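Residue numbering for the sequence shown is 51 to 737, as defined by our numbering. Report on the following structure.
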Amino acid sequence: MTTPPRSLDRLIRPRSIAVFGGKEARRVIEQCDKMGFAGKIWPVHPREEEILGRRCYRSVADLPEAPDASFVGVNRALTIEIIRDLAARGGGGAVCYASGFREAVSELADGSDLQQALVAAAGDMPIVGPNCYGFINMLDGALLWPDQHGMLRVERGVAILTQSSNIACNISMQKRGLPLAYVMTAGNQAQTGLSDIACAVLEDPRVTAVGLHIEGFDSVEALERLATRARELRKPVVTLKVGKSEAAQLATVSHTASLAGNDRVSSALLARLGIGRVETLPELLETLKLLHLHGPLPNADISSMSCSGGEASLMADAGVRRKVNFRALKDEQRQPLRESLGEMVTIANPLDYHTFVWGNREKQTAAFTAMMQGGYALNLIVLDFPRLDRCHAEDWVTTCDAVIDAAKATGAAAGIVASLGENMPEETALSLMAAGVVPFSGIDEALAAAETAAAIGGAWARPAPPPLIKAAAAGGDAITLTEAQAKAELFAAGVAVPKGETAGTPKEAAEAAEVLGFPVVLKGLGVAHKTEAGAVKLNLTNREEVLAAAEEMASVASGYLVEKMIARPVAELIVGAMRDPVAGPVLTIGAGGILVELLDDSAILTLPATEEMIKAAIDGLKIRKLLDGYRGGPRGDVAALTRTVAAAASYVVANASKLEELDINPIMVLPVGDGAVAADALIRRRK
C-alpha cells in the first residue's frame, strides 16, 4: 500500500461536497443539512433536476469547480469512471461506497481487477474505501455518511477510525459522554489506510486522541509514521486490534514459532511504537475518555474510594488482573482522612469511606482532596447512580460536586466509576466530562483505561525506538544448519558457546572427547528435537561412555557434536527469532529448557532492539526470580545474558533478509561473573 501523495485535508475538512447516486447520496445531503454544514453541496444525477432544493448536475464536468470531497454512491463499474473524472478535474478526494471489489473475490472473479482499476483511476487523488460508509466530521458538520448516527456537533474531541462501517455506526450511538470529533471508516483500504487517515486527523488541533479498530495492519511503515507524529504532537493513539494477520506457514522445527503467535507480535509491535492496546469496544471508549481529558498517565499508581467495602473489594480484585498499582497512602494523608471520615473508617487504598459523610459535600470534598494530594496518577471514586426515571439522585449529585471540587483544588486527575456501566446516566457523564472528571462506565473498563494510558506514558518517557527492519525476505528453499554450523555463526556474532568438536563416527567422537577433557556432552547432528529422539547424552565421564552413547544414537544421527559439559546453571532461557509477515524479524525471550511450554513465560521484541529494551523484557519474565537468587540460591549473570541476547539480536538484524528461524535453547545462565552459554542452537535460512 502506498501513501497518498496528496494531503487528505480537503477530503476530511471540506468546504464543498459533491454527491453521486440515488438514495445514499440523498442521505448524505440530509445529514450535512441536519448538522449545519456551512459549505457547498452539489448533487450529481443523470436524470433528477434537483435534490432537497439543490440543483442537480449531470456530470463531474458540469460542476462549478473541483469539489473538495465527493461521496460516490453508485455501482462499482460507474464508481471507477466517476473517480477517474474527479481525479482529472482536481478533486480533493472521494469516498467509494460500492462493494464488489477485492473483499468479494470469492464471489466475484473480477473483484481484484476492479480494485486495481479503481486505484489507477484515482491516481494522486485520495480515495477512501471502497466498500465503506465514509466519515463523519462533527467539528465542521461535514458528513460523507449515508445513514443514521447518534452524534452531536462538538468543538473538540477524539477521532475513532475503523474498517467496519457497522462498528462505526455502533460507536456513533454511544451514550458514555465521549466527545466524538470524527468517526471514519476505511473499508478495503485500497489506497488510503487507517494509519494514513489517522495521521491526517491528528493534525487537526481540535482532536485530542485517536482510537483505531484494526482488523489487519494496512502498512507497518504508515503505523510507524502515525506513532512518531502522535508522540511529537503529544496526542495518544489507542487500538482495538482484532483477528489474526495472514501468516505464511510457520516451521515447527523449533519452539520459537509456537511461542511467538501473530497476536503476541501485534502487541509487541504496538507497545514498541507507544500505541495503546485494549481488548473490547467499551475499553476503547473508556480509555479515550481518559486520554481526552488527561492524556497519557505518568505511571500506573491509582487511588480508589467508595462508600462500600464491597466496591472496594471489587476494585482491589480487578486491579490484580491489571498492571495498576493501588499504592499505599502517604503518612501525611492519614490524618486529614481520619479527621474528615471519622475513627471507624480503615484508612487504606482502596478506601471504604462508609456512609458517615454521605450527603455532606464539605466533608466529602475534604476526604477526596486528602486522597488526591497523594500524588497518584489517577484518583477513582466508585459511585453507581440510581435510575433517574424512578429514583432521586440529590446525594449522588452532592458526591459528584465534591469530586469536582477536590479535583479543581488539587489539579489531580480524577474519575467517577459506575461499577455497572448502565448505571452511569448520559447526562451525568456529559456534565462530569465538562467539569474535567472522567465518567467511567465499569470497573474493569476504568482500570483498563488507566493501564493503557500509563503504558503510553511510559513509552513516551523512553527514547523513541529505532525504525523497524524493512529487509525483504530472500527467495530460495529454506535449509536447516547443523548445530555445529549454527553455533559457529553465533560464536562469530558474539554468543558464547561450549568448546566442542564434530565427529563422523563413534570412534572419532570418543577421541574428540578425550582431547576436550571429561565430562562431555554428546549430541547427534541432523536431529531437530534431540532430547525426544534420544540424540543427546549428558555428563559422559570416560571414553567408553562416549562410544556407547554414540553407537546408541547412530541410527538417527548423521554425525556427532562433542562438547565440554557446562556447569550447573542458575536458570535456562530460550532466545529465538522468526519472521512475522507484518512486523518482520521478531525476537522471543523466555524460560527455556524443559520449561518452555510448562511455564508459558516469554516476551516478544520487535527488531532492532537496544540493550535497554532487552533488559526490560528479561525483567518482565517470571524466571527473573531465579536469576535474582531465589530462596538463597546463587544470582545469575544477567549482564552476560543481556549481552548474549543483544548479540543474537544483532545476528538476526544482520541476516534479516535470509533468516527464517533461530532457536537457542537453552542459554545456560551461570552465576554472576561466569557468563551465559548457548548450549543448543538451530538456524533455518534461505539459501
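In this text, a Cβ means the ideal position worked out from N, Cα and C, and glycines have one as well. Model, not experiment: these values are computed from the prediction.
How many whole angstroms separate the CB atoms of residue i and residue j, which I take to be in contact at a CB cut-off of 8 Å?
i: A498; j: E333; result: 4 Å
i: L252; j: L211; result: In fact, because the Cβ distance is near 11 Å, the residues do not count as touching under 8 Å.
i: A543; j: A697; result: 5 Å
i: I668; j: L637; result: That pair is no contact at about 12 Å.
i: A728; j: V545; result: 5 Å
i: S481; j: G424; result: About 26 Å separates the two Cβ atoms, so there is no contact after all.
i: P117; j: I67; result: 6 Å
i: F87; j: V122; result: Not confirmed; about 18 Å, so no contact.
i: G609; j: G550; result: G609 to G550, Cβ: 12 Å. No contact.
i: G465; j: A496; result: 6 Å
i: T448; j: G409; result: 6 Å
i: S469; j: L364; result: 6 Å
i: T552; j: A534; result: 5 Å
i: G191; j: R206; result: Wrong, their Cβ atoms sit about 15 Å apart, outside the cutoff.
Quick check on the DSSP output: the alpha helix (DSSP H) that includes residue i runs from which residue to which?
i: C82; result: K73 to K84
i: N382; result: Sequence check: residue 382 is Glu here, not Asn. Counting along the chain, the alpha helix (DSSP H) containing E382 begins and ends at D381 to L391.
i: E412; result: R411 to M422
i: S720; result: Here residue 720 is Leu; the residue named in the question, Ser, does not match the sequence. Premise fails: L720 is in no alpha helix (DSSP H) and is neither H nor E.
i: V161; result: The amino acid at residue 161 is misidentified as Val; the sequence shows Gly. Residues G161 to A172.
Quick one: what's residue i bridged to in DSSP?
i: R736; result: A528
i: D402; result: S356
i: G686; result: P721
i: V407; result: Looking at the DSSP assignment, V407 forms no beta bridge with any residue, so it has no partner.
i: R65; result: Bridge partners of R65: none, in fact.
i: D351; result: N375
i: I210; result: V233 and G261
i: S120; result: A68 and A144
i: S652; result: G640
i: L712; result: A627 and I733
Quick one: residues in its chain with C-beta nearer than 6 Å to the C-beta of residue i, no 5 flanking neighbours on either side, listed in chain order?
i: V287; result: V260, A280 and I325
i: F541; result: V547
i: L340; result: V488, A499 and A503
i: F406; result: G392
i: P386; result: A420
i: S57; result: none
i: L61; result: A119, G142, G143 and P176
i: W446; result: F435
i: S308; result: Per-residue confidence for S308 stands at a pLDDT of 42, beneath the threshold of 50, marking its modelled position as unreliable; the derived number appears in the next sentence. None.
i: L401; result: M355
Within the continuous beta strand (DSSP E) that includes residue i, where are the two ends?
i: T258; result: V257 to I264
i: N220; result: Looking at the DSSP string, N220 is not in any beta strand (DSSP E); the run it does join, the alpha helix (DSSP H), is S215 to S222.
i: P332; result: Taken as a continuous stretch (DSSP letters only), P332 belongs to no beta strand (DSSP E), being part of the alpha helix (DSSP H) at L331 to H344.
i: K149; result: Rather than Lys, the amino acid found at residue 149 in this sequence is Ser. Neither: S149 is in no beta strand (DSSP E) and is coded neither H nor E.
i: M234; result: L230 to T235
i: E613; result: G609 to K614
i: I639; result: G634 to A641
i: S57; result: Neither: S57 is in no beta strand (DSSP E) and is coded neither H nor E.
i: F490; result: V488 to S491
i: I624; result: A621 to D630
i: P93; result: K90 to V94
i: V453; result: Element bounds for V453: not the beta strand (DSSP E) but the alpha helix (DSSP H), E444 to T460.
i: F568; result: Note, F568: premise wrong, no beta strand (DSSP E); not H, not E.
Below 8 Å CB to CB, which residues in the same chain sit around residue i once its five sequence neighbours on both sides are set aside?
i: A585; result: K573, G574, V577, M603, V606 and A607
i: E265; result: Q213, S214, V292 and G293
i: C106; result: P93, V94, H95, E98, E99 and E100
i: L720; result: I616, A617, P619, V620, G686, D687, A690, A726 and V727
i: A137; result: A171, A172, G173, D174 and M175
i: R384; result: I397
So, for residue i: in the same chain, excluding its five sequence neighbours on each side, which residues have a beta-carbon less than 7 Å away from its beta-carbon?
i: I217; result: H263
i: V328; result: V288, L290, L334, T337, A498 and T502
i: D197; result: R77, Y183 and C219
i: A310; result: Only weak support is given to the placement of A310: the predicted model assigns it a pLDDT of 43, under 50, and the question is left unresolved by the model.
i: P64; result: G89, D118, A119, G142 and A192
Handout entry: Cβ contact (3+ pairs, closer than 8 Å) linking the segment 170 to 188 and the segment 229 to 248
Key = yes
Exercise for the section: Would you be able to state if there are at least three C-beta pairs under 8 Å between the segment 168 to 185 and the segment 132 to 145? Expected result: yes
Practice task
Inspect the CB distances between the segment 452 to 461 and the segment 417 to 432 and report whether three or more fall short of 8 Å.
Solution key: yes
Handout entry: the segment 508 to 519 touching the segment 652 to 670, judged by at least three CB pairs closer than 8 Å
Key = yes
Practice task
Please confirm if the segment 674 to 688 is in contact with the segment 586 to 602, defined as three or more CB-CB distances below 8 Å between the two stretches.
Solution key: no
Practice task
Determine contact between the segment 614 to 625 and the segment 711 to 719, defined as no fewer than three beta-carbon pairs at a distance below 8 Å.
Solution key: yes
Problem - Cβ contact (3+ pairs, closer than 8 Å) linking the segment 376 to 395 and the segment 524 to 532 - result: no
Problem - Segment contact flag, the segment 623 to 643 with the segment 667 to 678, C-beta cutoff 8 Å, min 3 pairs - result: yes
Problem - Segment contact, 8 Å Cβ cut-off, at least three pairs: the segment 147 to 155 with the segment 91 to 104 - result: no
Practice task
Report yes or no: do three or more beta-carbon pairs, one from the segment 457 to 474 and one from the segment 426 to 442, lie closer than 8 Å?
Solution key: yes
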